[in-house]
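Asker:
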Amino acid sequence: MPRYALKVEYHGAPFSGWQRQSEHPSVQGAIEAALGRIEKREHSIAAAGRTDAGVHGLGQVAHCDMEKEWDPFRLSEALNYHLKPAPVAITACARVGEEFHARFSATWRQYLFRLVMRRAPLTHDKGLAWQVPHPLDVAAMQAGADRLIGRHDFTTFRSSICQANSPLRTLDRLDVERVEGPSGPEIRFHVKARAFLHNQVRSFVGTLERVGAGAWTPDDVTAALEARARAACGPVCPPHGLYLAGVGYEPDPFDHI
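Position one of the sequence shown corresponds to residue 1 (my numbering), numbered consecutively onward.
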């Protein structure tokens with residue numbers, strides 16, 4: 001069966017998350033339903049990461065197996081037609097070999113988290129960014145973030161229901177950037193690793209917000225990391241500022257598009 005890699009963009013608000021669920025809408029379920037209208041049978045797709053309810057996708061990657069050969073552009077166009085009106089779009093499609101797997105072939109994943117600093121309620125960015133009403137010290141947040149780079153036991157920063165076999169992960173990037181966003185002063189967190197634990201990025205951001213607000217110091221971040229205890233983590237921030245921004249492969253199946 002010919003296999004295709006799909007680059008997927010979605011607004012997470014209407015969904016219970018990426019993973020298919022019998023009684024709640026999911027991004028996976030929406031795409032599989034669209035595939036079922038193109039080739040009338042049951043479909044099962046795999047993705048690079050299972051995002052939680054409310055989390056968005058900018059560069060999620062999934063793969064699907066089809067019964068017939070499709071021109072990748074025509075397949076993406078057909079999927080986008082049948083996905084309407086769900087806020088899901090296939091932004092790229094590529095034919096790949098049967099050895100390609102969206103999850104297991106990935107060499108890195110990158111997340112973006114958006115935080116807007118303003119007191120007035122968000123209008124255009126409501127549901128797309130975490131709003132805090134106070135200013136934050138970006139330099140202090142970056143100093144705290146630097147304590148997390150490298151390979152560590154991240155027990156403190158993973159959900160109590162995380163199903164990963166090990167809390168050991170290597171964090172390659174955690175950059176804290178201030179920009180003037182469309183809704184006001186915005187802090188963007190750029191986080192990159194080969195793989196993440198459940199709620200790891202939201203735990204990082206919630207903890208670093210406390211550093212930026214002056215309630216924690218960078219040394220407190222180190223102490224929390226070394227505690228290897230979930231109770232030592234700062235508050236977990238809400239999901240709606242989080243985006244799966246990209247997934248890396250060698251070779252990149254979308255390079256030629």
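Positions of the beta carbon are idealized from the N, C-alpha and C atoms, including for glycine. Please read these numbers as outputs of a predicted model, since none were measured by experiment.
Using the Cβ count rule (16 or more neighbours within 10 Å means buried), how would you classify THR51?
Answerer: Buried, since its Cβ has 16 or more Cβ neighbours within 10 Å.
Asker: Would you please state the rounded distance, in angstroms, between the beta carbons of PRO228 and THR156? I believe it to be under 8 angstroms.
Answerer: Looking at the sequence shown, residue 228 is not Pro but Arg. About 6 angstroms; that satisfies the 8 angstroms criterion.
Asker: Are there any heavy atoms of the ligand COA lying less than 6 angstroms away from the beta-carbon of PHE157, as far as the coordinates show?
Answerer: Looking for the ligand COA in the displayed structure turns up nothing, as the structure carries no ligands at all.
Asker: Return the chain-ordered list of same chain residues with a C-beta closer than 8 angstroms to the C-beta of LEU168, the five sequence neighbours on each side being excluded.
Answerer: ARG151, HIS152, ASP153 and PHE154
Asker: Distance check for SER76 and LEU115, CA to CA, integer angstroms please.
Answerer: 32 angstroms
Asker: Could you please give me the residues that DSSP links to ARG258 through a beta bridge?
Answerer: Outside the shown range of the chain (1 to 257) lies residue 258, about which nothing can therefore be said.
Asker: Okay, do the stretch 242 to 252 and the stretch 169 to 179 touch, 3+ Cβ pairs below 8 angstroms being the bar?
Answerer: Contact check between the stretch 242 to 252 and the stretch 169 to 179: fewer than three CB pairs, one atom from each, fall below 8 angstroms, which does not count as touching.
Asker: Name the two residues that bound the continuous alpha helix (DSSP H) containing GLY206.
Answerer: Residue range 200 to 212 is occupied by the alpha helix (DSSP H) that includes GLY206.
Asker: Name the residue from GLU180, HIS190, ARG194 and ILE161 whose alpha carbon lies nearest to the alpha carbon of ARG230.
Answerer: ILE161
Asker: Can you tell me which of the three DSSP states GLU186 falls into?
Answerer: strand
Asker: Return helix, strand or coil for THR217, following the three-state DSSP convention.
Answerer: Assigned with DSSP and collapsed to three states, THR217 falls in coil, not helix or strand.
Asker: Taking just the CA atoms, how far does PHE113 sit from ALA13?
Answerer: Spanning the two alpha carbons is a distance of roughly 15 angstroms.
Asker: Indicate the three-state DSSP secondary structure (helix, strand or coil) for GLU226 in the structure shown.
Answerer: helix
Asker: Considering only C-alpha positions, which residue in the set PHE73, ALA164 and TRP130 is nearest to VAL55?
Answerer: TRP130
Asker: List the whole-angstrom C-beta distance separating VAL61 from LYS7, where the pair is believed to meet the contact cut-off of C-beta under 8 angstroms.
Answerer: Right, the Cβ-Cβ distance comes to about 6 angstroms (below 8 angstroms), so this counts as a contact.
Asker: Does DSSP put GLY97 in a helix, a strand or coil?
Answerer: Judged by DSSP in its simplified three-state form, GLY97 adopts coil rather than helix or strand.
Asker: Applying the criterion that 16 or more other CB atoms from any shown protein chain within 10 Å of the CB defines a buried residue, is PHE15 buried or exposed?
Answerer: buried
Asker: Where ALA140 and ILE31 are concerned, what is the direct C-alpha to C-alpha distance, given to the nearest angstrom?
Answerer: 42 angstroms
Asker: So what's THR123 in DSSP terms, helix, strand or just coil?
Answerer: coil
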